[in-house]
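K.L.:
Mind having a look at this structure? Questions to follow.
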Amino acid sequence: MPSVTLLGAALLALSACGHSPSPAASQLHLSAQAAQTYRVSCTATSGPRTLADINRLPLNPGDQVLLQRGCTFPATATSALQVTRSGTSAAPITFGAYGTGAAPVIRQSGQNSTVQIRGSWLVFQDIALVADPLPAAGGGVRCTAQPVGWLVGWEVWGTRNTLNRVSARGYMTGAMLVRGDGTLGFHKVLNSSFFNNSVMQTNTPGGDDDSGAWGILVNSSNNEIAANRFTGNTACSEDYVRDGASVEIYQSSNNWIHHNETHEDVAFVELGGTPDLPSRNNRIEDNVYMPVQTGGAFVTLRGARSTWGANPGTSVRRNTSYLADLGITCSDGCSAQILVAEDNRIWERQISSGLTNKTFAFWADAPVSERRNTFWRDDGRPVASIDGSQLDSTDRTAPFTRPNPTF
């Protein structure tokens, strides 16, 4: 996976280390109160030792809260890490790790959000979240052993918060970027891992309402999600056989999803919303999606006739999808205003994994803007089509020849 170095993240890191962008800003901050570093240890006999202790800290811009490596801090259905203070652009409040060994773990044993980020200009790095398994919900037809519940790892409100080098395992969603009243997002999720988040939020027989098993659920707008790894964010679904996604974008616009790598998720990106609040102008670029064992769908979006809202301004560029059942699909009134797809490499699965009755590399139900894409399949007959139109002349529909192992 390409390494991504972002100017914004670098500036935040410098701020977290005590480097201010200008002498004037530094003097202003120091004249109010010197930045503090709080060390939180599970083995100490004094000082902050629990999430409740952290919640009581009088945090100010520039402060750091460092959790001891090798420690596990318990969270429950009634206790979570709750951060309500805010930093500034020049002096964010940073939560990180100190010492040697494995990243500190916050372990959730109930149904709750493990880390609730309510402030702004906050940085979280080098912290792992793990949720204990929920019991099977029961009562289903297909998915009698499937856990169902509200279980969120990183719950991010406010604006301009950063998750960097964090992880989440075992949740309904590893991270949730929340659309709050009057907040616009502008969050960053970078260099992080989201794996085996396989709890469903809703899972009822019949209808079209199952949801859950997401790496990241995006409800706020203007976010950047880059250089992350996703694995196993998939669950049994009564309605869809399997459900989940690396990144679920719902009622959310102007996001940039790039340089991520996904293994064995049932979907990479699905866009949805409502006619009144659709997801618009989202960029999906330079990602790699590889559902080699499980199969899956790379990018799913919709047009003007969809009850989930149209997704105008979606651009899908320079991505690689390897052995997905469905590559890029755009239905319910797609158009050139809905989808731009350029320079993608899509290797279609030859035999369906069971997610759908048939496989295809690219399909739109109306003409879209697409060019320079490459489609292939093992048998040399990839399925790529646009209803009422032809693929662009710059596209390549080519067979793939496996290398000779004795070469």
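Taken in order, the sequence shown gives residues -24 to -1, 1 to 383; the numbers are from mature numbering (1 follows the signal peptide of the UniProt record, and there is no 0). From the three backbone atoms N, C-alpha and C, an ideal C-beta is built for every residue, glycine too.
1. Given this structure, state the Cα-to-Cα distance separating GLU246 from GLY72, to the nearest angstrom.
2. Just list the alpha helix (DSSP H) runs in the stretch 23 to 63, keeping only unbroken ones of 4 residues or longer that don't cross its boundaries, in chain order.
3. Just to confirm my understanding: we take PRO(-2), look at its own chain, exclude 5 residues before and 5 after, and list those with CB closer than 6 Å. What are they?
4. In terms of alpha-carbon separation, which member of PRO37, VAL268, GLY309, THR350 lies closest to ASN295?
5. Would the stretch 351 to 367 count as touching the stretch 313 to 333 if we require 3 or more Cβ pairs under 8 Å?
6. Since PRO123 sits in a beta bridge, which residues does DSSP pair it with?
7. Quick check for students: name the residue ranges of the beta strand (DSSP E) that lie wholly in the stretch 167 to 246, counting only runs of 3 or more.
8. Which first and last residues belong to the beta strand (DSSP E) in which ALA300 is found?
9. Which residue from ILE260, GLN101, THR138, ASN172 puts its Cα closest to that of LEU277?
10. Nearest CA to the CA of ARG347: which residue from THR370, ALA280, ALA53?
11. With distance defined between alpha-carbon atoms, name the residue in LEU367, GLY146, SER22, TRP133 nearest to GLY125.
12. If you compare alpha carbons, which of GLY63, GLU240, GLN58, GLY161 is closest to ALA211?
13. What is the rounded straight-line gap between the Cα of GLN92 and the Cα of SER282?
14. Across which residues does DSSP place ILE322 in a beta bridge pair?
15. Give every residue of the same chain whose Cβ lies closer than 6 Å to the Cβ of MET152, excluding the five residues on either side of it in the sequence, and list them in chain order.
16. Name the two residues that bound the continuous beta strand (DSSP E) containing TYR74.
17. How should VAL117 be labelled, buried or exposed, when 16 other C-beta atoms within 10 angstroms of its C-beta is the threshold for buried?
18. Roughly how many whole angstroms lie between the Cα atoms of ILE304 and GLY188?
19. If you draw a straight line from the alpha carbon of ASP108 to that of GLY86, how long is it in whole angstroms?
20. For LEU160, does the three-state DSSP call read helix, strand or coil?
21. Use the C-beta contact count for SER328: other C-beta atoms within 10 angstroms, 16 or more gives buried, fewer gives exposed.
22. Alpha carbon to alpha carbon, how far is LEU110 from THR48? Give it in angstroms, no decimals.
23. Count Cβ pairs between the stretch 173 to 191 and the stretch 133 to 140 that sit closer than 8 Å; are there 3 or more?
24. Return the first residue and the last residue of the beta strand (DSSP E) that THR13 is part of.
25. For PHE306 and HIS235, I'd like the C-alpha separation in whole angstroms.
26. State the DSSP-derived secondary structure class of TYR265, mapped to helix, strand or coil.
27. Enumerate in chain order the residues of its own chain whose CB-to-CB distance from GLY364 is below 7 Å, with the five nearest sequence positions on each side excluded.
28. Buried or exposed: where does ARG372 fall if 16 or more other Cβ atoms within 10 Å of its Cβ makes it buried?
29. Would ASN198 and PHE162 qualify as a contact pair, given that the criterion is a beta-carbon distance under 8 Å?
30. Check whether the Cβ atoms of ARG83 and ALA121 sit closer than 8 Å, and answer yes or no.
31. Per DSSP, which one or two residues make a beta bridge with ARG336?
32. Starting from MET148, trace the beta strand (DSSP E) in both directions and tell me its first and last residue.
33. Give the range of the beta strand (DSSP E) segment to which ASN137 is assigned.
34. Using a Cβ-Cβ cut-off of 8 Å (strictly less than) and excluding sequence neighbours within five positions of GLN326, which residues of its own chain qualify?
35. Are there 16 or more other CB atoms within 10 angstroms of the CB of PRO123, so buried, or fewer, so exposed?
36. Please classify SER22 as buried or exposed, where buried requires at least 16 other C-beta atoms within 10 Å of its C-beta.
P.N.:
Looking at the atomic coordinates:
1. 31 Å
2. Segments of the alpha helix (DSSP H) lying fully in the stretch 23 to 63: 27 to 31.
3. Legend: pLDDT at PRO(-2) = 40, less than 50; position of this residue unreliable, no value from coordinates given.
4. THR350
5. yes
6. ALA112
7. 169 to 171, 176 to 178, 190 to 194, 200 to 202, 205 to 207, 211 to 213, 217 to 219, 221 to 226, 232 to 234, 237 to 239
8. 296 to 300
9. Nearest of ILE260, GLN101, THR138, ASN172 to LEU277, Cα basis: ILE260.
10. THR370
11. GLY146
12. GLU240
13. 33 Å
14. SER297, PHE351
15. VAL128, GLU131, LEU193
16. 69 to 74
17. exposed
18. 21 Å
19. Straight-line spacing of the CA atoms in ASP108 and GLY86 works out to 8 Å.
20. coil
21. Exposed, by the Cβ-count rule.
22. 19 Å
23. The way I'd put it, the stretch 173 to 191 doesn't touch the stretch 133 to 140; fewer than three beta-carbon pairs between them come closer than 8 Å.
24. From DSSP, the beta strand (DSSP E) with THR13 extends over 13 to 16.
25. Correcting the residue identity first, residue 306 is Cys in this sequence and not Phe. The straight-line gap from Cα to Cα measures roughly 22 Å.
26. Here TYR265 sits in strand by DSSP.
27. ALA342, PRO343
28. exposed
29. Yes, the Cβ-Cβ distance between ASN198 and PHE162 is below 8 Å.
30. No, they are not a contact pair.
31. At residue 336 the sequence reads Phe, which differs from the Arg that was named. DSSP output for PHE336 lists LEU302 as bridge partner(s).
32. Where MET148 is concerned, there is no enclosing beta strand (DSSP E), given that its DSSP letter is neither H nor E.
33. Careful: ASN137 lies outside any beta strand (DSSP E) and carries neither H nor E.
34. THR335, ARG353, ASP354, ASP355
35. So PRO123 ends up on the buried side.
36. exposed
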